[in-house]
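Residues in the sequence shown are numbered from 1 upward in steps of one, following the UniProt record's numbering. Virtual Cβ for every residue (Gly too), placed ideally from N, Cα, C. Predicted model only: the values in this text are computed from it and were never measured.
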Amino acid sequence: MRPALTHGPIISILPIRLLNNIVLSTGLIAFASNAQDLEPRSYTNIPIGMHFLVAGYVHSEGDLSPAPSVPLQDAKLAIDSAVLAYATTFDFLGSSAKVDLSAAYACADGSATFQGDYVSGTVCGYGDPVAKFTWNFYGAPALTLSEFAGYQEGLVMGLSLQAHIPLGTYDDDKLLNIGTNQWVFRPGIGMSYRKGNWYYGLNATIRFYEDNDDFYQDVLLKKQPQYSIQGHLVYSFTPKQWMSLSANYFFGAETEKNGVASNDDENNSRIGLTYSYAFNRQHSIKVNTSLGVITRVGNDFTTAGVFWLYAF
Numbered sequence: 001m002r003p004a005l006t007h008g009p010i011i012s013i014l015p016i017r018l019l020n021n022i023v024l025s026t027g028l029i030a031f032a033s034n035a036q037d038l039e040p041r042s043y044t045n046i047p048i049g050m051h052f053l054v055a056g057y058v059h060s061e062g063d064l065s066p067a068p069s070v071p072l073q074d075a076k077l078a079i080d081s082a083v084l085a086y087a088t089t090f091d092f093l094g095s096s097a098k099v100d101l102s103a104a105y106a107c108a109d110g111s112a113t114f115q116g117d118y119v120s121g122t123v124c125g126y127g128d129p130v131a132k133f134t135w136n137f138y139g140a141p142a143l144t145l146s147e148f149a150g151y152q153e154g155l156v157m158g159l160s161l162q163a164h165i166p167l168g169t170y171d172d173d174k175l176l177n178i179g180t181n182q183w184v185f186r187p188g189i190g191m192s193y194r195k196g197n198w199y200y201g202l203n204a205t206i207r208f209y210e211d212n213d214d215f216y217q218d219v220l221l222k223k224q225p226q227y228s229i230q231g232h233l234v235y236s237f238t239p240k241q242w243m244s245l246s247a248n249y250f251f252g253a254e255t256e257k258n259g260v261a262s263n264d265d266e267n268n269s270r271i272g273l274t275y276s277y278a279f280n281r282q283h284s285i286k287v288n289t290s291l292g293v294i295t296r297v298g299n300d301f302t303t304a305g306v307f308w309l310y311a312f
């Protein structure tokens with residue numbers, strides 16, 4: 001109980017507006033599908049010495065658009081996932097930094113017509129855990145909560161590195177898996193700018209994929225890097241609530257199976273809305289939804305999620 005008593009006075013002066021902003025800036029959505037994730041407020045300043053827990057539920061469903069060479073028609077997939085995450089903020093070289101850790105348990109239900117035959121399947125398991133380091137190197141001095149009261153946010157720039165750790169549920173005898181059996185590294189750069197009640201955000205990332213030497217039917221799967229850019233427009237209605245409109249565009253990620261190119265590179269875009277509301281200085285909720293705008297190859301999902309955040 002000592003940690004709770006130690007942090008009690010800090011939470012008692014935590015502004016509701018600040019907690020509400022943190023809901024998205026922590027970026028704790030674990031079970032995201034290959035650059036479809038929209039992350040408003042990824043690069044905003046947060047007081048150091050804070051801790052956050054997040055629990056949430058995400059539902060995604062929609063069509064799969066395979067490469068032209070794949071004999072698959074009418075492919076559909078639905079995914080339900082429960083998310084748990086933790087984040088902490090600290091001083092790094094005089095600026096604010098943050099580490100996120102997240103994990104998910106998910107069930108996926110899919111169906112399709114394969115070479116003229118109807119096939120379906122359901123799989124449940126743990127997703128690959130995700131770790132992320134974010135460092136706001138410009139415009140975000142490392143400030144304690146008491147010091148943060150006098151801080152005026154303007155332009156903030158930052159760097160990040162995310163890693164998907166291949167510890168999720170995976171079976172090479174199954175085509176549909178929750179885990180990926182491959183390391184994925186995702187460096188990123190981004191910025192945010194506040195003017196009045198408006199926030200503007202822009203960030204870009206690259207995903208690098210490790211080879212999967214234990215893919216379905218002993219196939220060696222290689223994947224080219226995937227490039228993504230996203231923009232965000234955020235408006236604060238009151239100190240307790242805000243909403244964001246986000247959009248992204250991502251391309252690349254062509255796969256190669258046993259040395260043969262699959263012609264399945266992505267050229268896709270999504271749009272989404274997020275709403276956040278703070279009940280008090282410790283508890284806040286967030287709901288979001290997103291859908292595909294352009295889908296060349298990949299999944300054209302409609303996604304909705306709800307999340308609870310606790311600050312301590």
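Note the first and the last residue of the continuous alpha helix (DSSP H) segment covering residue i.
| i | result |
| --- | --- |
| residue 155 | Unbroken run through residue 155 is the beta strand (DSSP E), 155-164; no alpha helix (DSSP H). |
Using the rule of at least 16 other Cβ atoms within 10 Å of the residue's Cβ for burial, across every protein chain shown, is residue i buried or exposed?
| i | result |
| --- | --- |
| residue 42 | buried |
| residue 128 | buried |
| residue 87 | buried |
| residue 115 | exposed |
| residue 170 | buried |
| residue 205 | buried |
| residue 119 | exposed |
| residue 37 | buried |
| residue 52 | buried |
| residue 149 | exposed |
| residue 280 | exposed |
Got a sec? Which residues, its chain only, sit under 7 Å from residue i by beta carbon, not counting five neighbours each side?
| i | result |
| --- | --- |
| residue 142 | 48, 91, 94, 95, 96 |
| residue 300 | 62, 63, 65, 292 |
| residue 197 | 235, 236 |
| residue 250 | 35, 226, 227, 228, 266, 268 |
| residue 27 | Here the model assigns residue 27 a pLDDT of 35, short of 50, so the residue's position is not dependable, and the following value carries that caveat. These residues qualify, in order along the chain: 39, 42, 100, 132. |
| residue 74 | 112, 113 |
| residue 261 | 254 |
| residue 189 | 159, 203, 204 |
How about residue i and residue j: are their beta carbons less than 7 Å apart?
| i | j | result |
| --- | --- | --- |
| residue 162 | residue 132 | yes |
| residue 124 | residue 80 | no |
| residue 253 | residue 224 | yes |
| residue 45 | residue 156 | yes |
| residue 56 | residue 99 | no |
| residue 208 | residue 54 | no |
| residue 147 | residue 182 | no |
| residue 230 | residue 203 | yes |
| residue 289 | residue 278 | no |
Which residues bound the beta strand (DSSP E) around residue i?
| i | result |
| --- | --- |
| residue 147 | Per DSSP, residue 147 belongs to no beta strand (DSSP E); it is in the alpha helix (DSSP H), 145-148. |
| residue 133 | 130-138 |
| residue 241 | 241-252 |
| residue 198 | 198-209 |
| residue 171 | First-last for residue 171: undefined, no H or E at that position. |
| residue 287 | 283-294 |
| residue 263 | Neither: residue 263 is in no beta strand (DSSP E) and is coded neither H nor E. |
| residue 187 | 184-195 |
| residue 100 | 95-114 |
| residue 61 | 51-65 |
| residue 256 | 255-257 |
| residue 220 | Element bounds for residue 220: n/a, residue is neither H nor E. |
List the whole-angstrom C-beta distance separating residue i from residue j, where the pair is believed to meet the contact cut-off of C-beta under 8 Å.
| i | j | result |
| --- | --- | --- |
| residue 137 | residue 159 | 6 Å |
| residue 286 | residue 274 | 6 Å |
| residue 347 | residue 154 | With the chain represented from 1 up to 312, any question about residue 347 goes unanswered, as that position is not in the structure. |
Enumerate in chain order the residues of its own chain whose CB-to-CB distance from residue i is below 6 Å, with the five nearest sequence positions on each side excluded.
| i | result |
| --- | --- |
| residue 398 | Look at the range of the chain in this structure, 1 to 312, and you will see that residue 398 is not part of it. |
| residue 109 | 78, 122 |
| residue 232 | 40, 201, 244, 246 |
| residue 256 | 222 |
| residue 105 | 82, 126 |
| residue 177 | 170 |
| residue 271 | 247, 293 |
Leaving out the 5 sequence neighbours to the left and right, which residues in its chain are closer than 8 Å to residue i when beta-carbon positions are compared?
| i | result |
| --- | --- |
| residue 179 | 125, 126, 127, 128, 166, 167, 168, 169, 170 |
| residue 76 | 61, 62, 63, 64, 110, 111, 112 |
| residue 174 | 121, 123, 216 |
| residue 151 | 45, 141, 143 |
| residue 72 | 64, 66, 112, 113, 114 |
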